[in-house]
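Participant:
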Amino acid sequence: MTPAVYKLAAYLPPSLVNFIEEKVFSLRSLLESNGILTKPEEGDASESKAVNEARDALTSAEDTLRELKDKLRDQRADLEQDYGTASIFRALKGQCISKDAGEYTYEHCFLEGTKQIQKKGGSSMSMGKYVRIGTTTVEELNEAGDVVSVEKVTLEYDRGQHCWNGPNRSTKVVLECGEENQILKTAEDDKCVYSMLVTTPAACLGGEENGNAPRSKDEL
Ligand code: MAN
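Take any residue in the sequence shown, note its place counting from 1, add 815, and you have its number in this note's numbering.
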């Protein structure tokens, strides 16, 4: 019964109040059975269950969509990335090699980054994040003993950890044709400017006539 009826009920004889209550009750039942009024509890409960389920389904569809969009973005970025002639460096991405030198272990993760890891304590310093494939010209002795200029492929890394009173650390990795992925030599050419000589079968493309003959370690 509505509050107004209750207020009024205080001034009416109890038998009349009962009569009105019964009438209201049977009218409500009639309206409910004809579908004009919904049964309050049942109606609300089933509606909110359906709404909740729909909301959950929407959230999970949105999650799936977000994951697929992220995957698509990564794969598009990967397609745009330069992996060298015939995508030769694609398979090497993320492979890490390291070499001990003095107080540090130097690490090179192909097309990702370079690191200088302190042997004592193990703290590590980024020496650069991958930027691009490049080339550099190095002087080498040929078989006849003449000094010749040879063009080498490089992997370039920069924006590494900032160097006190210097630049952000950077590394130029010079690639040599070799049977294994291996760091042959590391150097700090200038303060916080590093270079690495790395052998890899991926640098053998182009043939021996292009100065890409496999290099053995004792040539260093
Ligand atoms: C550390 C290393 C060195 C570098 C100095 C610069 O000791 O990263 O290679 O020359 O910092 O302060």
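Ideal placement from N, C-alpha and C gives every residue a C-beta, glycine not left out.
Values in this document were obtained by computation on a predicted structure and should not be read as measured data.
(1) Count the other C-beta atoms from every protein chain shown that fall within 10 angstroms of the C-beta of Arg870, then say buried if there are 16 or more, exposed otherwise.
(2) What residue does the alpha helix (DSSP H) around Lys838 start on, and which one ends it?
(3) Which whole-angstrom value is the C-beta distance of Arg984 and Cys978, which I expect to be below 8 Å?
(4) Considering only the beta carbon of each residue, do Tyr972 and Met942 sit closer than 8 Å?
(5) Return the CA-CA distance between Glu918 and Val1013, expressed in angstroms with no decimal places.
(6) Taking 7 Å as the cut-off, is the C-beta of Gln931 nearer than that to any heavy atom in ligand 1?
(7) Return helix, strand or coil for Glu862, following the three-state DSSP convention.
(8) Indicate whether the contact test is met: 3 or more Cβ pairs, each with one atom in the region 923–940 and one in the region 961–969, closer than 8 Å.
(9) Determine the direct distance from the alpha carbon of Lys854 to that of Glu847, and round the result to whole angstroms.
(10) Just checking Glu1003 against ligand 1 - is the residue's beta carbon closer than 7 Å to any of the ligand's heavy atoms?
(11) In terms of DSSP beta bridges, what is Lys967 paired with?
(12) Rounded to a whole number of angstroms, what is the C-alpha to C-alpha distance between Asp893 and Tyr945?
(13) Could you tell me the distance, in whole angstroms, from the CA atom of Arg891 to the CA atom of Arg947?
(14) How close, in whole Å, do the beta carbons of Leu1020 and Ile903 come, if the pair is a contact with beta carbons under 8 Å?
(15) Suppose you measure from the CA of Gly850 to the CA of Glu862; what does that come to, to the nearest Å?
(16) Does the beta carbon of Met940 fall short of 7 Å from some heavy atom of ligand 1?
(17) If we call anything under 8 Å between Cβ atoms a contact, is Thr951 one with Val989?
(18) Less than 7 Å between the CB of Lys934 and some heavy atom of ligand 1, yes or no?
(19) Count the other C-beta atoms from every protein chain shown that fall within 10 angstroms of the C-beta of Tyr1009, then say buried if there are 16 or more, exposed otherwise.
(20) With distance defined between alpha-carbon atoms, name the residue in Gln997, Asp1004, Glu868 nearest to Leu907.
(21) Could you give the C-beta distance for Tyr916 and Thr1001, rounded to a whole number, given that I count them as a contact under 8 Å?
Facilitator: So, from the listed chains and residues:
(1) Locating residue 870 in the sequence shown gives position 55, where the first residue counts as 1. The residue is exposed, with fewer than 16 neighbouring Cβ atoms inside 10 Å.
(2) For the purposes of this step, residue 838 is identified with residue 23 of the sequence shown, where counting begins at 1. That run of the alpha helix (DSSP H) goes 829–848.
(3) Along the sequence shown, one-based indexing puts residue 984 at 169. Along the sequence shown, one-based indexing puts residue 978 at 163. The Cβ separation is near 6 Å, so the contact holds.
(4) Walking along the sequence shown from the start, residue 972 turns up at place 157. Walking along the sequence shown from the start, residue 942 turns up at place 127. Yes, the Cβ-Cβ distance between Tyr972 and Met942 is below 8 Å.
(5) Here residue 918 refers to the residue found at position 103 of the sequence shown. Here residue 1013 refers to the residue found at position 198 of the sequence shown. Cα to Cα, the separation comes out at about 20 Å.
(6) Position 116 of the sequence shown holds residue 931. Checking the Cβ of Gln931 against ligand 1 gives yes.
(7) On the sequence shown, residue 862 is found 47 positions in, with the first residue counted as 1. Glu862 falls in the helix class under three-state DSSP.
(8) no
(9) On the sequence shown, position 32 is the one that residue 847 refers to. On the sequence shown, position 39 is the one that residue 854 refers to. Their backbone Cα atoms lie some 6 Å apart in a straight line.
(10) Here residue 1003 is taken as the residue at index 188 of the sequence shown, counted from 1. Result yes, Cβ under 7 Å from ligand 1.
(11) Against the sequence shown, residue 967 aligns to sequence position 152. DSSP output for Lys967 lists Thr951 as bridge partner(s).
(12) As a first step, residue 893 must be located in the sequence shown, where it is residue number 78. As a first step, residue 945 must be located in the sequence shown, where it is residue number 130. For Asp893 and Tyr945, the distance between alpha carbons rounds to 13 Å.
(13) On the sequence shown, residue 891 is found 76 positions in, with the first residue counted as 1. On the sequence shown, residue 947 is found 132 positions in, with the first residue counted as 1. Using only the alpha carbons, I get a separation of about 17 Å.
(14) To locate residue 1020, count along the sequence shown from 1; it is residue 205. To locate residue 903, count along the sequence shown from 1; it is residue 88. Right, their Cβ atoms sit about 6 Å apart.
(15) Working through the sequence shown from its first residue, we reach residue 850 at position 35. Working through the sequence shown from its first residue, we reach residue 862 at position 47. Taking the straight line joining both Cα atoms gives about 15 Å.
(16) Walking along the sequence shown from the start, residue 940 turns up at place 125. Yes, the beta carbon of Met940 sits closer than 7 Å to at least one heavy atom of ligand 1.
(17) To locate residue 951, count along the sequence shown from 1; it is residue 136. To locate residue 989, count along the sequence shown from 1; it is residue 174. Yes.
(18) Taking the first residue of the sequence shown as position 1, residue 934 is located at position 119. No, the Cβ of Lys934 stays beyond 7 Å of every heavy atom of ligand 1.
(19) Locating residue 1009 in the sequence shown gives position 194, counting from the first residue. That one is buried.
(20) Walking along the sequence shown from the start, residue 907 turns up at place 92. Per the Cα distances, Gln997.
(21) As a working mapping, residue 916 is identified with position 101 in the sequence shown. As a working mapping, residue 1001 is identified with position 186 in the sequence shown. The residue asked about is misnamed: residue 916 is Ala in this sequence, not Tyr. The Cβ separation is near 5 Å, so the contact holds.
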